[in-house]
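Q: Under the working numbering, the first residue of the first sequence is numbered 147, with each subsequent residue one higher.
Before anything else, here's the structure in question.
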Amino acid sequence: LSHPIAGRIIIERVLEDGADFGQNTVGIGTKVIVEHTAINSNKAAHVGHLRNSSLGDTVVRMLRSQGYDVEAQNYIDDTGVQVADVVVGLTLLTQGKLQLPGGNEQLPGESFDYYCSRVYVAVGKAYEERPELKALRDTVLHAIEHGEEPEEGPDYAVLAADISHQIVQAHLKTMARLNISYNLLTWESAIVHAGLWQHTFEMLRNSGVLEHPESGPLAGTWILPFGEGEMQTEEGERSSDKVLVKSNGTATYTGKDIANHLWKFGLADDLGVEFHFIPWGVQQDGRMLWTMRTPEEAGKTGKEAPPERFGHAKKVVNVIDVRQSYPQQVVRESLRRLGYGEQADSLIHLGYEVVTLSAATAARLGVDTSDGRESYAMSGRKGIEIKADDLISAAAARMIEARSDLSEETAAILAASAIRYFMIRFGLQQVITLDMDEVLRANGDTGVYLQYAYARANSILRRLQEANYELPEQPTELPEQLEQSEWELLRHIDAYPRALAETSRVEALAPNTLAAYVYDLAAHFSDFYEHTPPIIKESDQRVKAFRAWLVRATMQTLSNALRVLGFVPLERI
RNA sequence: GCACCCGUAGUUCAGUGGAUAGAACAUCGACCUUCUAAGUCGACUGUCGCAGGUUCGAUUCCUGCCGGGUGCGCCA
Numbered sequence: 147l148s149h150p151i152a153g154r155i156i157i158e159r160v161l162e163d164g165a166d167f168g169q170n171t172v173g174i175g176t177k178v179i180v181e182h183t184a185i186n187s188n189k190a191a192h193v194g195h196l197r198n199s200s201l202g203d204t205v206v207r208m209l210r211s212q213g214y215d216v217e218a219q220n221y222i223d224d225t226g227v228q229v230a231d232v233v234v235g236l237t238l239l240t241q242g243k244l245q246l247p248g249g250n251e252q253l254p255g256e257s258f259d260y261y262c263s264r265v266y267v268a269v270g271k272a273y274e275e276r277p278e279l280k281a282l283r284d285t286v287l288h289a290i291e292h293g294e295e296p297e298e299g300p301d302y303a304v305l306a307a308d309i310s311h312q313i314v315q316a317h318l319k320t321m322a323r324l325n326i327s328y329n330l331l332t333w334e335s336a337i338v339h340a341g342l343w344q345h346t347f348e349m350l351r352n353s354g355v356l357e358h359p360e361s362g363p364l365a366g367t368w369i370l371p372f373g374e375g376e377m378q379t380e381e382g383e384r385s386s387d388k389v390l391v392k393s394n395g396t397a398t399y400t401g402k403d404i405a406n407h408l409w410k411f412g413l414a415d416d417l418g419v420e421f422h423f424i425p426w427g428v429q430q431d432g433r434m435l436w437t438m439r440t441p442e443e444a445g446k447t448g449k450e451a452p453p454e455r456f457g458h459a460k461k462v463v464n465v466i467d468v469r470q471s472y473p474q475q476v477v478r479e480s481l482r483r484l485g486y487g488e489q490a491d492s493l494i495h496l497g498y499e500v501v502t503l504s505a506a507t508a509a510r511l512g513v514d515t516s517d518g519r520e521s522y523a524m525s526g527r528k529g530i531e532i533k534a535d536d537l538i539s540a541a542a543a544r545m546i547e548a549r550s551d552l553s554e555e556t557a558a559i560l561a562a563s564a565i566r567y568f569m570i571r572f573g574l575q576q577v578i579t580l581d582m583d584e585v586l587r588a589n590g591d592t593g594v595y596l597q598y599a600y601a602r603a604n605s606i607l608r609r610l611q612e613a614n615y616e617l618p619e620q621p622t623e624l625p626e627q628l629e630q631s632e633w634e635l636l637r638h639i640d641a642y643p644r645a646l647a648e649t650s651r652v653e654a655l656a657p658n659t660l661a662a663y664v665y666d667l668a669a670h671f672s673d674f675y676e677h678t679p680p681i682i683k684e685s686d687q688r689v690k691a692f693r694a695w696l697v698r699a700t701m702q703t704l705s706n707a708l709r710v711l712g713f714v715p716l717e718r719i
């Protein structure tokens with residue numbers, strides 16, 4: 147193999163394709179829905195949620211790079227117990243029956259989601275001390291489920307909807323700091339109120355896949371028979387059957403999720419359910435975010451998207467942590483039993499392991515670590531967590547600490563890069579034991595290193611331009627002998643489309659492999675940079691032109707790859 | 001009890017049946033009057049948890065065991 151000839155072909159190809167270098171066509175014409183983030187709308191996001199959204203947003207970009215028509219959905223679970231708990235908390239606060247550590251009011255500078263996190267923790271504690279408060283939760287839950295106006299007292303349903311709305315707003319703001327965006331918000335409340343759940347239930351019942359026990363522990367419920375029947379657990383005998391409708395007639399989360407998935411696959415079109423889709427707002431990247439609403443909510447806004455624009459996916463990817471493997475399996479199996487085997491096979495649970503806290507980091511949060519464990523689970527309910535916004539802010543502060551001349555904007559982009567990279571560089575099955583010192587590190591195998599390599603490449607070309615050096619129109623003749631570092635770099639650039647395609651297959655998505663590839667590319671560029679003399683001083687015109695072209699090709703490849711990782715590439719640091 | 005996942009250098013992790021198992025961090029040492037030192041180079045560090053099996057060949061596949069995590073709610 148002639149390195150100079152192969153090298154020229156590689157460079158020509160990269161520069162010809164430009165921003166499309168690495169872009170594939172396999173997915174063209176195939177619609178994929180990716181659901182990610184999906185945080186309970188009752189409290190601030192924590193670092194565990196960042197793993198979800200970083201993986202999810204990266205996967206969205208990977209699939210788009212393969213030509214897929216991707217719809218990123220953020221499913222809002224706004225009808226559950228967690229939202230009800232905050233409603234209970236706020237109600238108790240107005241009645242003077244609850245005290246918050248740090249102050250009962252929203253503090254100056256405290257965002258609404260942070261405030262709700264405090265309320266949520268306090269309510270959890272209050273339930274333990276005063277179990278009678280749970281009656282109020284039941285009242286609130288009932289109000290949310292039925293959405294009717296009360297004859298007296300607070301309108302809990304409206305209060306809950308208002309809280310969810312504000313919390314979602316806060317979550318989106320947090321995610322925007324990491325350059326994460328969506329196409330559509332879907333709401334559990336909309337699924338219930340538009341009647342999709344009711345129709346789905348009837349479909350399930352009419353297909354004969356449900357059972358309705360009249361005696362025993364599950365009397366009065368509707369279940370999906372599942373697994374081996376009886377099983378032994380630490381708490382005693384249990385049925386592995388999955389309850390979809392509780393004995394009080396309301397749906398479980400999994401029940402509603404089955405409805406959600408029928409809709410995602412376009413299987414709800416003939417059920418007579420009417421959803422409306424209206425704009426929510428423009429996001430940080432200029433993309434319009436849409437939201438699903440029920441007919442009565444749609445009302446006043448003029449602009450509406452046709453319903454066929456959303457859903458109707460060929461494939462569905464759900465980014466959800468592995469603890470939900472069993473309910474995800476139930477959803478898939480339900481589709482299969484309804485006769486939708488193809489859709490069941492096209493439903494992919496991208497399961498990833500959880501984020502825990504290192505002993506050192508847990509100790510800093512005030513957790514008792516005297517039992518000597520290596521890691522500690524986070525708990526939103528107990529307030530043992532690192533909040534997403536705190537981590538992002540700490541990372542930005544760390545960047546400025548390292549380089550005091552950084553602009554706020556550059557520091558923010560570097561912080562986002564560092565965190566996104568950290569969250570995807572581990573294999574999906576690896577539990578991330580998050581340590582503050584490690585996640586904030588800005589050298590070595592980090593997102594900052596990638597940005598630095600890219601900025602350095604830009605700097606070289608900038609210097610050449612400032613020196614009025616004119617690059618020949620086409621990379622012509624390469625030097626007869628290439629340096630080892632030059633050839634290695636060329637090979638890595640050449641490998642980009644294959645590496646990206648391999649790691650972006652729908653059924654084998656592996657963001658960490660992509661992260662490793664990009665790190666490798668940046669490292670090879672650093673190697674080339676350190677082991678060849680400055681291009682700007684090069685006297686051999688053939689060598690000078692080749693190296694300038696090589697830097698240009700590296701820059702293009704890095705830029706393309708960084709964008710798939712969701713970075714905003716920095717031309718100057 | 002059953003099911004799933006993890007176990008690789010002092011630490012955190014890559015590793016798609018194939019060659020001498022790789023990075024980063026940490027430690028020690030070298031390199032800024034040459035395009036960005038958030039960089040580079042070098043040194044140090046491995047019974048790939050243990051025992052069998054399949055294979056020409058196993059960190060990788062299978063079985064058993066040991067250690068750790070998770071799931072098995074009319075929560076979500």
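By construction, the Cβ of each residue, glycine as well, lies at the ideal position given by its N, Cα and C atoms.
For the alpha helix (DSSP H) holding Lys319, just list the boundary residues, first then last.
A: Start and end: Tyr302 to Arg323.
Q: Helix, strand or coil: how does DSSP classify Thr579 here?
A: Strand at Thr579.
Q: If you draw a straight line from the C-alpha of Gly373 to the C-alpha of Arg384, how long is it?
A: C-alpha separation (whole angstroms): 11 Å.
Q: Out of Arg571, Val419, Arg718 and Val594, which one is the CA nearest neighbour of Arg608?
A: With distances taken between Cα atoms, Arg608 lies closest to Arg718.
Q: If we ignore side chains and look at the alpha-carbon of each, how far apart do Glu294 and Ala303 end up?
A: Distance between the alpha carbons of Glu294 and Ala303 is about 7 Å.
Q: Nearest CA to the CA of Arg709: which residue from Thr171, Thr183, Arg207 and Leu201?
A: Comparing Cα positions, the closest option is Arg207.
Q: So Ala534 packs on His192, CB below 8 Å; how close in whole Å?
A: Yes, they are in contact, since the Cβ atoms of Ala534 and His192 sit about 6 Å apart, within 8 Å.
Q: Among the residues of its own chain, which have a CB less than 6 Å from the CB of Tyr221, if the five just before and after it don't count?
A: The residues are Glu181, Ala184 and Thr332.
Q: Rounding to the nearest angstrom, what Cα-Cα distance links Arg439 and Asn329 in this structure?
A: Whole-angstrom Cα-Cα distance: 14 Å.
Q: Do Ala268 and Leu246 come within 9 Å of each other at the CB atom, strictly closer than that value?
A: Yes, they are a contact pair.
Q: On a Cα-Cα basis, can you pick out the residue from Asn589, Ala557, Ser553 and Leu537 that is closest to Met545?
A: When only C-alpha atoms are compared, the closest one is Ala557.
Q: Go through the segment 632-719 residue by residue and report every complete run of the alpha helix (DSSP H) that reaches 4 residues or more, in order.
A: For the segment 632-719, whole alpha helix (DSSP H) runs of length 4 or above, ordered along the chain, are 657-677 and 687-710.
Q: What's the C-alpha gap between Gln575 and Ala699?
A: Their backbone Cα atoms lie some 34 Å apart in a straight line.
Q: On the three-state DSSP scale, how would you describe Leu390?
A: The answer is strand: DSSP assigns Leu390 an E or B state.
Q: Give the DSSP-derived three-state secondary structure of Leu253 in the structure shown.
A: Reduced to three states, the DSSP call for Leu253 is coil.
Q: Please classify Asp223 as buried or exposed, where buried requires at least 16 other C-beta atoms within 10 Å of its C-beta.
A: Buried, by the Cβ-count rule.
Q: Does the beta-carbon of Thr237 have 16 or more other beta-carbons within 10 angstroms, so that it is buried, or is it exposed?
A: Counting Cβ neighbours within 10 Å, Thr237 comes out buried, since at least 16 surround it.
Q: Could you tell me which residues DSSP pairs with Leu370 in its beta bridges?
A: For Leu370, which the question treats as bridged, DSSP gives the partners Lys388.
Q: Inspect the beta-carbon positions of Ala647 and Val160 and report whether they are closer than 9 Å.
A: Taking 9 Å as the Cβ cut-off, Ala647 and Val160 do not qualify as a contacting pair.
Q: For Ile174, count the other beta carbons within 10 Å of its own beta carbon; 16 or more makes it buried, fewer makes it exposed. Which is it?
A: Answer is exposed; the Cβ neighbour count stays below 16.
Q: Could you round the C-beta distance between Ile578 and Phe572 to whole angstroms and report it? I think they count as a contact, below 8 Å.
A: At roughly 5 Å, the Cβ-Cβ gap stays under 8 Å, so Ile578 and Phe572 are in contact.
Q: Looking only at its chain, what residues have a beta carbon closer than 8 Å to the beta carbon of Leu201, apart from the 5 residues adjacent to it on each side?
A: Once the five neighbours on either side are set aside, the close Cβ partners of Leu201 are His182, Val465, Leu496, Tyr498, Met569, Ile570, Leu574 and Pro657.
Q: In chain order, which continuous runs of the alpha helix (DSSP H) of length 4 or greater are located wholly inside the segment 184-222?
A: As far as the segment 184-222 is concerned, its whole alpha helix (DSSP H) runs of at least 4 residues are 193-211.
Q: Out of Leu356, Gln378, Val355 and Asp231, state which residue places its alpha-carbon closest to the alpha-carbon of Leu305.
A: Among Leu356, Gln378, Val355 and Asp231, the Cα nearest to that of Leu305 belongs to Asp231.
Q: Suppose you measure from the CA of Ala509 to the CA of Ser521; what does that come to, to the nearest Å?
A: Approximately 10 Å, taken between the alpha carbons.
Q: Taking Ala645 and Tyr663 to be in contact with their CB atoms under 8 Å, please state how far apart those CB atoms are, rounded to whole angstroms.
A: Sure, about 4 Å apart at Cβ, within 8 Å.
Q: Under the assumption that Ala588 contacts Val594 (Cβ atoms under 8 Å), give the Cβ distance between them as a whole number of angstroms.
A: Confirmed, about 4 Å.
Q: Are the CB atoms of Tyr486 and Phe411 nearer to each other than 9 Å?
A: Going by C-beta atoms, Tyr486 is nearer than 9 Å to Phe411.
Q: Please list, in chain order, all residues of the same chain as Gly226 whose beta carbon is under 6 Å from its beta carbon, the five residues on each side excluded.
A: Correct list: empty, nothing qualifies.
Q: Taking 9 Å as the cut-off, decide whether the C-beta atoms of Val714 and Asn325 are in contact.
A: Yes, these two residues count as a Cβ contact at 9 Å.
Q: Which same chain residues, not among the five before or five after Leu610, have their C-beta less than 8 Å away from its C-beta?
A: Here the set comprises Leu617, Ile681, Ile682 and Ala694.
Q: By how many angstroms is the C-alpha of Tyr675 removed from the C-alpha of Tyr425?
A: The question names Tyr, but residue 425 is Pro in the sequence shown. Rounded to whole angstroms, Pro425 to Tyr675 spans 47 Å at the Cα level.
Q: With H, G and I counted as helix, E and B as strand and the rest as coil, what does DSSP make of Ala528?
A: Per the sequence shown, residue 528 should be read as Lys rather than Ala. Coil, per DSSP.
Q: Which one of Val468, Leu484, Arg469 and Trp409 has the shortest CA to CA distance from Glu454?
A: Considering only alpha carbons, the answer is Trp409.
Q: Assuming Ala668 contacts Ala562 under a Cβ cut-off of 8 Å, what Cβ separation, rounded to an integer in Å, is found between them?
A: Ala668 to Ala562, Cβ: 17 Å. No contact.
Q: When DSSP labels each residue in this structure, what does Thr225 get in the three-state scheme?
A: It is coil, neither helix nor strand.
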